[in-house]
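Here is the structure we will look at.
In this note's numbering, the protein residues as written are 37 to 483.
So, in structure tokens, the structure goes:
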């Protein structure tokens with residue numbers, strides 16, 4: 037058989053995820069005996085809450101398949117937690133559990149009709165998932181400064197452009213707090229998005245995997261589901277989330293989705309359950325039992341989530357302040373654990389060494405300065421497009437706490453307690469990263 041006949045067209049464009057590719061680049065440089073400041077991978081690394089960890093260990097021998105929709109107690113816990121978080125009533129029948137919200141997003145693109153509107157920039161996996169589902173993607177341009185805020189004009193322009201090009205946009209996906217920008221939507225911005233989707237009969241998917249890491253402690257409630265009228269048949273909103281970010285349990289692979297309480301929501305759930313039964317069957321049994329505790333609204337979990345939020349806010353804000361003071365163009369992050377600086381102020385110097393795109397900048401920084409960060413192009417940025425999106429890098433703070441897994445647990449709980457108590461937190465690896473970035477900027481200035 038000829039090699040060109042092996043792969044279906046929808047999968048032929050797929051490449052290794054940029055987040056995994058940056059890890060391989062880091063390992064390659066380290067193999068040469070060089071040190072690398074790893075700001076490229078967004079994996080939360082705090083120690084898992086002790087009660088949650090014990091439950092996972094207790095159920096380690098629970099190896100039977102779980103229900104396709106998920107463990108009943110977990111679905112109830114997710115419904116209760118989000119009802120309290122969002123101030124809206126959510127029933128267990130609206131909740132489905134899967135091995136990660138990534139799998140759920142993939143499924144939604146596969147089963148739902150229509151093309152997709154996506155803010156530029158957006159998380160690295162959205163675009164390939166959309167294209168793999170043979171859907172057309174139409175970018176919604178964001179604010180030049182924060183690369184996140186979406187105006188009504190930007191929405192209308194993206195929609196009109198899609199229609200002119202023969203597209204049929206019926207889905208929009210948003211993410212707040214955002215990967216890569218670390219920004220959150222304001223209540224006003226969220227209302228604009230919801231009203232637009234209602235007017236255009238567009239199903240809105242809200243990826244809220246970072247919702248509990250909103251630095252002000254308030255923005256976690258700014259979900260589109262709070263601005264939609266339940267009785268309005270034009271309102272179709274799906275919310276996704278999971279264990280990987282707030283709870284630092286990405287490897288346990290537990291994600292969830294909350295579907296609309298409507299005829300449309302019931303129809304989507306029916307098809308999604310059938311899809312899941314033929315695809316992933318169920319999420320891990322021990323992980324689901326542990327997740328039921330993680331999503332608890334009890335005081336112990338509330339305190340854990342608060343300490344996680346405070347520690348992420350401390351570290352990410354310090355990195356932002358350092359980048360700002362180094363002369364980079366960067367908006368202050370308000371959530372998650374990302375900073376999204378533009379090196380445009382140093383474009384002339386970088387051009388002298390052949391660096392004119394974010395991808396080239398990412399490669400140059402790791403090779404010449406030992407700093408790993410993801411290029412804006414991995415998130416849909418166009419280095420020939422709007423100036424605000426050029427020479428952007430996403431920097432993650434998640435690897436700036438512990439040097440290894442052992443230290444994660446010997447020092448991690450203490451760090452979280454210090455953050456919760458409002459004490460000054462010492463982060464030597466963050467200090468090293470800031471020093472390395474300062475040296476990199478000096479090197480660029482000297483070109």
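All C-beta atoms in this analysis are idealised placements derived from N, C-alpha and C, irrespective of residue type, glycine included.
The residues 476, in chain order, have a CB closer than 6 Å to that of residue 405 in the same chain once the five nearest residues on each side in sequence are set aside. With fewer than 16 other CB atoms across the displayed protein chains lying within 10 angstroms of its CB, residue 204 is exposed. Apart from sequence neighbours up to five positions away, the residues of its chain that approach residue 317 with a beta-carbon distance below 8 Å are 101 and 104, ordered along the chain.
Residue 117 carries a helical assignment under DSSP once its states are collapsed to helix, strand and coil.
By the criterion of a C-beta distance shorter than 7 Å, residue 161 is surrounded in its chain by 53 and 138, once the five residues flanking it on both sides are discounted. Looking at the DSSP output, residue 210 sits in a beta bridge with 242. Here residue 431 is near residue 374, since their CB atoms are less than 8 Å apart.
Of the candidates 44, 63, 364 and 91, 91 places its Cα closest to the Cα of residue 321. Closest in alpha carbon position to residue 296, among 289, 132, 48 and 78, is 132. Here the stretch 180-192 makes no contact with the stretch 118-137; the two share fewer than three CB pairs at distances below 8 Å. Taken through DSSP and simplified to helix, strand or coil, residue 186 comes out as coil. Of all alpha-carbon atoms in 381, 443 and 113, the one lying nearest the alpha-carbon of residue 84 is that of 443.
Annotated three-state conformation of residue 77 is coil, per DSSP. Looking at the DSSP output, residue 151 shares a beta bridge with 205. Non-local beta-carbon contacts of residue 469 in its own chain, meaning distances under 6 Å to residues more than five positions away in sequence, involve 73 and 436 in chain order. An exposed status is given to residue 94, since fewer than 16 other beta-carbon atoms sit within 10 Å of its beta-carbon. Per DSSP, residue 233 is one residue of the alpha helix (DSSP H) stretching across 223-236.
Of all alpha-carbon atoms in 122, 481, 251 and 196, the one lying nearest the alpha-carbon of residue 388 is that of 481. Residue 146 sits close to residue 311, with the two beta carbons spaced by under 8 Å. Along the stretch 121-183, the alpha helix (DSSP H) occurs as fully enclosed runs of 4 or more residues at 137-147 and 162-168, listed in sequence order.
In this structure, residue 398 sits near residue 411, with a CB-CB distance shorter than 8 Å.
The C-beta distance from residue 378 to residue 395 rounds to 14 Å, too long to meet the 8 Å contact threshold. At a Cβ-Cβ threshold of 8 Å, residue 370 and residue 453 do not count as neighbours. Taking a contact to require three or more Cβ pairs closer than 8 Å, the stretch 351-368 and the stretch 110-127 do not qualify as touching. Judged by DSSP secondary structure, residue 341 falls within the alpha helix (DSSP H) whose first and last residues are 335-361.
Nearest to residue 352 by alpha-carbon distance, out of 466, 118 and 416, is 466. Judged by DSSP secondary structure, residue 450 falls outside any beta strand (DSSP E) and instead within the alpha helix (DSSP H) spanning 441-456. In this chain, the alpha helix (DSSP H) harbouring residue 301 covers 299-315.
Among the bridge pairs identified by DSSP, residue 378 is matched with 365 and 428.
Judged by their CB atoms, residue 450 and residue 158 are not nearer to each other than the 8 Å cut-off. In the three-state reduction of the DSSP assignment, residue 275 falls in the strand class, which pools E and B.
Three or more beta-carbon pairs separated by less than 8 Å are not found between the stretch 325-335 and the stretch 235-251, which leaves the two stretches without contact. By the CB criterion at 8 Å, residue 302 and residue 80 fall outside the cutoff.
Going by beta carbons, residue 262 and residue 124 fall inside the 8 Å limit. One Cα belongs to residue 367, the other to residue 376, and the distance between them is close to 7 Å.
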